[in-house]
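Note that UniProt numbering has the sequence shown beginning at 1, numbered continuously upward.
What follows is a short report on a single structure.
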Amino acid sequence: MGTTAFYMAKTYGVFVTGIDVSSNQINLAMERANNEKNEQVHFEIGDVTRRNYKPNSFDVIYSKEVFLHVADQQSLIKSCYGWLKPGGRLLVTNYCSSGKSPASARFQSYVKERQYHLVDVKTFGKCFEEAGFDNVTARDTTDQFVKVLENELQTFQQNKDQFLQEFSLEDYYTIVNGWTDKLLRCSEGDLKSGEFLGIKPA
Numbered sequence: 001m002g003t004t005a006f007y008m009a010k011t012y013g014v015f016v017t018g019i020d021v022s023s024n025q026i027n028l029a030m031e032r033a034n035n036e037k038n039e040q041v042h043f044e045i046g047d048v049t050r051r052n053y054k055p056n057s058f059d060v061i062y063s064k065e066v067f068l069h070v071a072d073q074q075s076l077i078k079s080c081y082g083w084l085k086p087g088g089r090l091l092v093t094n095y096c097s098s099g100k101s102p103a104s105a106r107f108q109s110y111v112k113e114r115q116y117h118l119v120d121v122k123t124f125g126k127c128f129e130e131a132g133f134d135n136v137t138a139r140d141t142t143d144q145f146v147k148v149l150e151n152e153l154q155t156f157q158q159n160k161d162q163f164l165q166e167f168s169l170e171d172y173y174t175i176v177n178g179w180t181d182k183l184l185r186c187s188e189g190d191l192k193s194g195e196f197l198g199i200k201p202a
């Protein structure tokens with residue numbers, strides 16, 4: 001766990017703070033940091049929407065598929081703006097809707113069940129502009145997302161026997177079906193993936 005944090009610290013020599021509501025995920029990341037004696041990474045268990053970091057604390061804030069769980073996305077983007085130093089960058093990858101109305105009944109049921117909060121790529125990008133960010137880019141990365149999913153699914157299926165040494169067959173098919181369903185939602189045009197970047201004025 002904490003793969004991105006460790007990668008950034010190792011590749012760029014930076015200090016990284018990671019936060020997640022999952023105590024299991026954070027505890028695993030902290031265990032790894034301790035085992036590697038890595039003092040460049042720090043992890044916190046918590047809800048980022050309730051966290052109050054000091055203004056101008058970070059050079060970069062990176063969020064991977066977090067905002068879809070947040071109802072008031074605009075407020076969190078504004079908080080990130082305040083936490084960034086002048087010239088700092090906010091980079092977000094997030095699930096998005098297609099923006100078409102209405103979405104399929106199957107997709108609406110999926111979003112309701114997961115309690116996701118999805119908007120289309122263009123709308124989410126505008127949230128950055130409204131928060132005060134400059135040079136905002138909002139890209140539909142669904143094609144790239146699909147390729148990654150397909151590769152991950154193929155690799156996982158090839159390692160089925162190894163997986164079953166530690167987990168059940170039910171666990172295996174739960175993961176496979178999750179990937180397959182996600183690919184189906186993308187192919188039907190309901191689920192999109194977006195990449196967003198905004199720069200705080202210097």
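Backbone N, C-alpha and C define an ideal beta-carbon position, used for all residues, glycine too.
Item, Value
"What residue range is occupied by the uninterrupted beta strand (DSSP E) comprising Asn135?", "Asp134 to Asp140"
"In whole angstroms, what is the alpha-carbon distance linking Val14 and Ile61?", "12 Å"
"Nearest to Gly178 by CA position, among Leu153, Asn34, Arg89 and Asn24, is which residue?", "Leu153"
"Consult DSSP for Asp190 and reduce its assignment to one of helix, strand or coil.", "coil"
"Using the Cα positions of Ser187 and Lys37, report the straight-line distance between them to the nearest angstrom.", "44 Å"
"Near Val70, what residues of its chain come up, given a Cβ to Cβ distance below 8 Å and the 5 sequence neighbours on each side ignored?", "Thr49, Leu76 and His117"
"At which residues does the beta strand (DSSP E) containing Ser63 begin and terminate?", "Phe58 to Lys64"
"Pairing CB atoms from the segment 23-34 with CB atoms from the segment 81-95, are three or more of them under 8 Å?", "no"
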